[in-house]
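Engineer:
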Amino acid sequence: MSADFSRSEMMIVAAARELAGQKVCFVGVGLPNIACNLAQRTVAPDLELVYESGVFGARPARLPLSIGDPTIVTGATATTGMFELFAYYLQGGLIDVGFLGAAQIDRFGNINTTVIGDYDRPKVRLPGSGGACEIAINAREVFVIMRQSTRSFVEKIDFRTSPGNLGGGADAARLRRDEGWLGRGPSVVVTDLGIHRFTETGEMRLESIHPGASLDEVRATMAWEPLLADPLPSTSPPSDEELRLIREELDPLGAYTR
Amino acid sequence: MSSKLTSLRDAVAELVHDGDTVAIEGFTHLISFAAGHEIIRQGRRDLTLARLTPDLVYDQMVAAGVARKLIFSWLGNPGVGSLHAIRRRVESADPAPLELEEYSHHGMVGRYVAGAANLPFYPLRSYFESDLPAANPNIRQVRSPFGAETVYAVPPLKPDVTIVHAQRADAAGNTQIWGLLGCQREAAFAAERVIVVVEELVDEAVVRSDPNRTAIPGLIVDAVVVEPFGAHPSYVQGYYDRDNAFYLEWEAISRDPAALDAWLDEWVHGVGGRDEYVAKLGPERLAALKPGPAPSGSVDYGAYR
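The listed protein sequences derive, respectively, from chains A and B.
All residue numbers for the first sequence refer to this note's numbering, where the first residue is 4 and numbers rise by one.
All residue numbers for the second sequence refer to this note's numbering, where the first residue is 354 and numbers rise by one.
#1: Mind pulling the chain A residues with CB within less than 7 Å of G429/B?
#2: Across which residues does DSSP place N430/B in a beta bridge pair?
#3: Between the Cα of Y465/B and the Cα atoms of P490/B, F499/B, S426/B, E444/B, which residue gives the shortest distance?
#4: Does V127/A come out as helix, strand or coil in the three-state DSSP assignment?
#5: Between A647/B and chain A, is there a C-beta pair that is closer than 8 Å?
#6: Could you spell out the range, first to last residue, of the alpha helix (DSSP H) harbouring S607/B?
#7: Between P586/B and N597/B, what straight-line distance do the alpha-carbon atoms span, to the nearest angstrom?
#8: Per the DSSP calculation, V577/B is bridged to which residue(s)?
#9: Of all the CB atoms in chain A, is at least one closer than 8 Å to the CB of N491/B?
#10: Check whether the segment 376-387 of chain B and the segment 513-524 of chain B touch, using three or more Cβ-Cβ pairs below 8 Å as the test.
#11: Can you give me the start and stop residues for the alpha helix (DSSP H) that I37/A sits inside?
#12: Nearest chain B C-beta to F162/A closer than 8 Å, yes or no?
#13: Three Cβ pairs or more, each shorter than 8 Å: is that satisfied between the segment 96-109 of chain A and the segment 61-68 of chain A?
#14: Express the C-alpha separation of G78/A and A420/B in angstroms, rounding to a whole number.
#15: Using a Cβ-Cβ cut-off of less than 7 Å, give me the residues of the segment 441-461 of chain B that come near chain A, in sequence order.
#16: Determine contact between the segment 541-555 of chain B and the segment 611-618 of chain B, defined as no fewer than three beta-carbon pairs at a distance below 8 Å.
#17: Can you name the residues of chain A whose CB is closer than 9 Å to the CB of G535/B?
#18: Using DSSP's beta-bridge definition, name the partner residues of R493/B.
#19: For C28/A, would you say it is in contact with chain B, using Cβ-to-Cβ distances shorter than 8 Å as the test?
#20: Going by C-alpha distance, which of F146/A, G188/A, T153/A, T74/A is nearest F59/A?
#21: Let me know the beta strand (DSSP E) ranges lying completely inside the segment 379-420 of chain B, each 3 residues or longer, listed in chain order.
#22: Rounded to whole angstroms, what is the Cα-Cα separation between G626/B and G188/A?
#23: Which whole-angstrom value is the C-beta distance of E55/A and M14/A, which I expect to be below 8 Å?
#24: Between I198/A and chain B, is the shortest Cβ-Cβ distance under 8 Å, so that the two count as touching?
#25: Under 8 Å by Cβ, that's how I've got A18/A and I148/A pegged, so tell me the actual separation to the nearest angstrom.
#26: On the DSSP bridge assignment, give the partners of L422/B in chain order.
#27: Any beta carbon from chain A within less than 8 Å of Q529/B's own beta carbon?
#28: Of all the options K26/A, L218/A, G183/A, D181/A, which has the alpha carbon lying nearest to the alpha carbon of H199/A?
#29: Taking 6 Å as the limit between beta carbons, can you name the residues of its chain near S165/A, skipping five residues before and five after?
#30: Would you check if the distance between the CB atom of G171/A and the CB atom of E144/A is smaller than 8 Å?
#31: Which chain A residues sit within Cβ distance under 8 Å of N597/B?
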């Protein structure tokens, strides 16, 4: 066990571990990229990485600098073009996990990556959907990785880019079914402080707290009073090998872990 | 076979007009910065710029004042951060407002598909319970004519001009691409006019030796321009890597309007064309971007007589 690790490293390691047993993962922009690449080197060596730029079965030799990096092509199973990727692979139901980041999330796992403030005159213009909206609807389940803060874990998101469990409860599940969505929505949100899963009513519940994080911090970085698993286990710290892979192979410059 | 070979200066002068809808496509890969810079130099105005991922090239073009509107699905500096010139226009109308028309990636791809296939709309299973349809009235619900199912539809996008960078083409414009294909094909087939910019000009026989790699037929191409390193600072699979140092530098340049203007003066207005830009970059910087070899195996198409 390593005593010395950062919260970002713990978050990335915990997110990668969630992919154990998964087969096909659609890799989102930013933090999901390093988490999925770590998973392929640890808990899920046969994980098929799918990139929205049009790659199925990527085997990146280096951490892709972006989701359009040439290293995701060399050695991949297939380059598909974006039409085929979105229409056949995603909408055709072949994606087990969509791994997304978010700027804002609410207790029901609805995601905003579009604007902070009013849409027509935003305080901050964020990147927008990319593929996230259709991933949230068509991937069998959605994993989210993001840092917790009062700005990101909000009571009401400023714009719903990608739907999660909507207003919660049975309505969300019924609506997904009635409208023919393939996905059952968000199942886990991994943060720098812990791991949240979702209850039967579609609400986030803290299921594990990272070593070094306190419940006070968790509460101080969420706009709502969090539901807590009882008992609340502590997340296993990163192993030496997980840390070595992040620090030496995947992110030697610390772009994701600063 | 008639040659469509021309210079980028002539191609842009002839084929890109004020007020046009222009698509310089390429998902991180194969972005024709050379064409974007030439459009800036020629002082085009009131363009509608379409791209899934505006990337630095549209931040530069928007900063240079060529555009009045952006059609897009993901607005950022990939793997780095923001496009600050565009953000200033959107967040504070500085120095002028910029109209946005926003989709998701599948929606944008579908718009090109409908444009290319001459269809009135493209149906997709996205946008349910998202705020995007409220933000963009061009995203509409439609009911299946074959049942009760409801999906969303987006309208065709038919750019006046699509500009595609590629590894190689022959003089007639038969264009071969490998690596990420993005929606180069769809955007080209959807367009009224097509400019292809390539790393290498090849004989027709080279194209014919490997027809599976042909993404765009010369049939729809109006101009072929040979411009080595024309996609820098983006990349060309097998030829050069993304100049990530520049993508990182852009964060600071684009944050500061004065620095951005100085950059445009030096690297766009201050050079006559791509050859001068490439010379200014210098051989060392470009050599550092060259990847190691990873050749494909070759296949045998067979001779059938």
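Beta carbons are placed, not taken as given, at the ideal position from N, Cα and C, and that holds for glycine.
Structural biologist: On the basis of the coordinates in this document:
#1: To locate residue 429/B, count along the second sequence from 1; it is residue 76. By Cβ distance, chain A contributes P130.
#2: The residue labelled residue 430/B in the question sits at position 77 within the second sequence. Paired residue(s): G434/B.
#3: Counting from one through the second sequence, the residue named residue 465/B turns up at place 112. The shortest C-alpha separation from Y465/B is found at S426/B.
#4: For the purposes of this step, residue 127/A is taken as the residue at position 124 of the first sequence. Strand, per DSSP.
#5: Locating residue 647/B in the second sequence gives position 294, counting from the first residue. So, interface residue.
#6: To locate residue 607/B, count along the second sequence from 1; it is residue 254. Looking at the DSSP string, the run of the alpha helix (DSSP H) that includes S607/B is 597-608.
#7: As a position in the second sequence, residue 586/B is number 233, starting the count at 1. As a position in the second sequence, residue 597/B is number 244, starting the count at 1. If you take the alpha carbons of P586/B and N597/B, they lie about 7 Å apart.
#8: If you number the second sequence from 1, residue 577/B lands on position 224. Per DSSP, L358/B, V549/B.
#9: The residue given as residue 491/B occupies position 138 in the second sequence. For N491/B, the answer is no, since every Cβ of chain A falls outside 8 Å of its Cβ.
#10: yes
#11: Looking up residue 37/A in the first sequence gives position 34. Taken as a continuous stretch (DSSP letters only), the alpha helix (DSSP H) holding I37/A covers 34-44.
#12: The residue given as residue 162/A occupies position 159 in the first sequence. Answer yes: the Cβ-Cβ gap between F162/A and chain B drops below 8 Å somewhere.
#13: no
#14: Locating residue 420/B in the second sequence gives position 67, where the first residue counts as 1. Locating residue 78/A in the first sequence gives position 75, where the first residue counts as 1. About 39 Å.
#15: V443, E444, E455, S457, H458, H459
#16: no
#17: As a first step, residue 535/B must be located in the second sequence, where it is residue number 182. Result: S56, G57, G71, G84, M85.
#18: Along the second sequence, read from residue 1 onward, the residue named residue 493/B stands at position 140. Bridge partners of R493/B: A506/B.
#19: Position 25 of the first sequence, counting from 1, holds the residue named residue 28/A. For C28/A, the answer is no, since every Cβ of chain B falls outside 8 Å of its Cβ.
#20: Within the first sequence, the letter at position 56 stands for residue 59/A. Of F146/A, G188/A, T153/A, T74/A, the residue nearest in Cα terms is T74/A.
#21: 400-403
#22: Start at 1 with the first residue of the second sequence, and residue 626/B comes out as number 273. Start at 1 with the first residue of the first sequence, and residue 188/A comes out as number 185. Computed Cα separation, rounded: 50 Å.
#23: Position 52 of the first sequence, counting from 1, holds the residue named residue 55/A. Position 11 of the first sequence, counting from 1, holds the residue named residue 14/A. Their Cβ separation, rounded to whole angstroms, is 22 Å, which puts E55/A and M14/A out of contact at 8 Å.
#24: As a working note, residue 198/A is residue 195 in the first sequence. Taking Cβ atoms only, chain B never reaches closer than 8 Å to I198/A, which makes this a no.
#25: As a first step, residue 18/A must be located in the first sequence, where it is residue number 15. As a first step, residue 148/A must be located in the first sequence, where it is residue number 145. The pair is a contact, with the Cβ atoms about 4 Å apart (cut-off 8 Å).
#26: Taking the second sequence and counting its residues from 1, one reaches residue 422/B at position 69. A small correction: the amino acid at residue 422/B is Lys; Leu does not occupy that position in the sequence shown. In the DSSP output, where bridge partners are listed per residue, K422/B has T401/B, E452/B.
#27: For the purposes of this step, residue 529/B is identified with residue 176 of the second sequence, where counting begins at 1. No - not a single Cβ of chain A is within 8 Å of the one on Q529/B.
#28: Here the question's residue 199/A lines up with position 196 in the first sequence. Cα-wise, what sits closest to H199/A is L218/A.
#29: Here residue 165/A is taken as the residue at index 162 of the first sequence, counted from 1. Closer than 6 Å at the Cβ level, and outside the excluded window around S165/A, lie I114, A135, C136, A139.
#30: Residue mapping note: residue 171/A aligns to position 168 of the first sequence, counting from 1. Residue mapping note: residue 144/A aligns to position 141 of the first sequence, counting from 1. No, the Cβ-Cβ distance between G171/A and E144/A is not below 8 Å.
#31: Within the second sequence, residue 597/B is the residue found at index 244, counting from 1. The contacting residues are L68.
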